[in-house]
Amino acid sequence: AELQGFRPAKRTAIRLNVDQVFRVDLVLQPGGLSEAVDVQAAAVAIDTETATVGQVITAKQITDLPLNGRNFLQLLFLNAGAVETSGEQGVMRQGAGNAVSLQGARPTSNNFMIDGTSNIDTALGTPAVILSVDALEEFKQQNKTYSAEYGFSANQVNLISKSGTNEF
Numbered sequence: 005a006e007l008q009g010f011r012p013a014k015r016t017a018i019r020l021n022v023d024q025v026f027r028v029d030l031v032l033q034p035g036g037l038s039e040a041v042d043v044q045a046a047a048v049a050i051d052t053e054t055a056t057v058g059q060v061i062t063a064k065q066i067t068d069l070p071l072n073g074r075n076f077l078q079l080l081f082l083n084a085g086a087v088e089t090s091g092e093q094g095v096m097r098q099g100a101g102n103a104v105s106l107q108g109a110r111p112t113s114n115n116f117m118i119d120g121t122s123n124i125d126t127a128l129g130t131p132a133v134i135l136s137v138d139a140l141e142e143f144k145q146q147n148k149t150y151s152a153e154y155g156f157s158a159n160q161v162n163l164i165s166k167s168g169t170n171e172f
């Protein structure tokens with residue numbers, strides 16, 4: 005940010021994850037005409053802007069971690085409180101292992117979204133479509149405390165698909 009009579013203020017290398025709200029506070033100090041300041045620091049790991057509790061699974065984790073069957077749902081177990089459940093919703097249509105209980109909630113309480121669009125089989129509480137791990141950029145799993153934009157459900161799993169490119 006710049007304003008005549010003040011020193012420029014700049015923040016770079018800010019990484020935003022899925023559904024992350026980040027506030028950047030800049031203070032413009034009175035300054036001379038030929039002054040330049042370059043500040044570099046690591047990002048804070050704590051989200052102080054929301055009450056969201058969850059975990060972002062990055063593209064690096066998706067590609068580097070071993071997955072039996074290449075099902076991204078297995079990566080939900082990296083988060084404390086995630087348990088595979090058995091029973092009807094665990095074995096119908098999407099196959100065993102796709103019903104996940106997060107933080108003690110029923111598997112049917114999960115809401116899966118792909119790029120902001122609902123991806124839920126409401127009868128089973130499982131994703132309607134299982135994306136290939138090759139198609140995922142990252143995803144965020146949120147427990148119980150989430151933004152009102154979702155409108156329902158105890159747990160949110162927000163998938164972000166890879167965007168297109170003209171390079172191989």
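Letter by letter, the sequence shown follows residues 5 to 172 of our numbering.
Ideal Cβ placement from N, Cα and C applies to all residues, glycine included.
All values derive from a computational prediction rather than experimental measurement.
Residue burial classification, residue i (beta-carbon count within 10 angstroms, cutoff 16)
{"i": "S105", "result": "buried"}
{"i": "T130", "result": "buried"}
{"i": "I66", "result": "buried"}
{"i": "P111", "result": "buried"}
{"i": "F76", "result": "buried"}
{"i": "L80", "result": "buried"}
{"i": "Q93", "result": "The predicted position of Q93 is uncertain, since its pLDDT is 47 and thus under 50; no value can be drawn from it."}
{"i": "G120", "result": "exposed"}
{"i": "Q8", "result": "exposed"}
{"i": "I118", "result": "buried"}
Nonlocal neighbours in the same chain, by C-beta distance under 7 Å from residue i, ignoring five residues either side
{"i": "V60", "result": "N21, V22, E142, K144"}
{"i": "A132", "result": "N123, I124, D125"}
{"i": "F10", "result": "L32, Q33, P34, G35"}
{"i": "S113", "result": "G129, S157, A158, N159"}
{"i": "A109", "result": "A158, N159"}
Run of the beta strand (DSSP E) containing residue i, from where it starts to where it stops
{"i": "K144", "result": "140–147"}
{"i": "F116", "result": "114–118"}
{"i": "V104", "result": "104–106"}
Close beta carbons around residue i, own chain, < 8 Å, minus the five adjacent residues each side
{"i": "M96", "result": "Legend: pLDDT at M96 = 49, less than 50; position of this residue unreliable, no value from coordinates given."}
{"i": "N115", "result": "S122, I124, Y154, F156, S157, N159, Q160, V161"}
{"i": "L140", "result": "A63, I66, F76, L163, I164, S165, K166"}
{"i": "Q5", "result": "The sequence given here places Ala at residue 5; Gln does not occur at that position. For A5, where only same-chain residues beyond five positions count, the Cβ hits under 8 Å are P12, A13, K14, L30, L32."}
Three-state secondary structure assigned by DSSP to residue i
{"i": "F156", "result": "coil"}
{"i": "L82", "result": "helix"}
{"i": "R97", "result": "At R97, the pLDDT of 48 sits below 50, so the modelled position is not reliable; the number obtained from the coordinates is stated separately. It is coil, neither helix nor strand."}
{"i": "V161", "result": "strand"}
{"i": "P111", "result": "helix"}
{"i": "V60", "result": "strand"}
Span of the alpha helix (DSSP H) around residue i
{"i": "A86", "result": "Unbroken run through A86 is the beta strand (DSSP E), 86–88; no alpha helix (DSSP H)."}
{"i": "I66", "result": "63–68"}
Beta-carbon contacts of residue i that lie in its chain and below 6 Å, excluding the five residues immediately before and after
{"i": "D42", "result": "none"}
{"i": "R74", "result": "V137"}
{"i": "D29", "result": "none"}
{"i": "V87", "result": "S105"}
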